[in-house]
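Asks:
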Amino acid sequence: EGLTLVEATHVFMVEPMLNCGLDSQAINRIHRIGQTSTTYVHRYLIQGTIEEKIDKIRMERQEDQLEDSINDTRKKHDVGAGGIDGGFTAEELESVLRA
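If you want it as structure tokens, here you go:
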């Protein structure tokens with residue numbers, strides 16, 4: 002059971018998510034089988050903020066996942082310490098909090 006919004010055509014993302022799966026799931030609530038219209042995703046980010054840095058990390062993780070699926074291999078990520086499926090790695094946290 003879940004929320005499916007096939008009548009909608011726009012998704013407004015106002016807070017970046019580190020978990021690429023959750024990000025995709027939010028978008029796919031609108032972009033479903035049966036959707037006949039184009040789905041538009043709007044991401045609101047302010048330059049120089051922590052949210053912008055978080056979104057950059059999300060995009061890097063998404064690229065890693067795409068590479069993994071293309072190569073049909075899984076890179077080793079320490080899920081418990083962050084990585085693709087979790088929160089921040091120590092290095093990511095340091096880069097986000099750096100001024």
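So for the sequence shown, the numbering used here puts the first residue at 2; every next one is plus one.
We put the beta carbon where it would ideally sit given N, CA and C, even for glycine.
#1: So what's residue 33 in DSSP terms, helix, strand or just coil?
#2: Using CA coordinates, which residue listed in 12, 35 and 19 is at the minimum distance from residue 27?
#3: If I measure Cβ to Cβ from residue 36 and keep anything under 7 Å in the same chain, skipping five residues before and after, which residues do I get?
#4: Quick test of the definition: if touching needs 3 or more C-beta pairs under 8 Å, does the segment 65–73 touch the segment 31–46?
#5: Counting along the chain, where does the beta strand (DSSP E) carrying residue 18 start and finish?
#6: Mapping the DSSP letters down to three states, classify residue 99 as helix, strand or coil.
#7: So, for residue 31: in the same chain, excluding its five sequence neighbours on each side, which residues have a beta-carbon less than 6 Å away from its beta-carbon?
Replies: The structure says:
#1: Counting from 1 along the sequence shown, the entry for residue 33 is found at position 32. Reduced to three states, the DSSP call for residue 33 is coil.
#2: Taking the sequence shown and counting its residues from 1, one reaches residue 27 at position 26. Minimum Cα distance to residue 27 is reached at 12.
#3: Here residue 36 is taken as the residue at index 35 of the sequence shown, counted from 1. Around residue 36: 7.
#4: no
#5: Start at 1 with the first residue of the sequence shown, and residue 18 comes out as number 17. Unbroken run through residue 18: none, as it is neither H nor E.
#6: Here residue 99 refers to the residue found at position 98 when the sequence shown is read from its first residue. Residue state, collapsed to three classes: coil.
#7: By one-based count along the sequence shown, residue 31 stands at place 30. Taken in chain order, the residues that qualify are 6, 9, 12 and 40.
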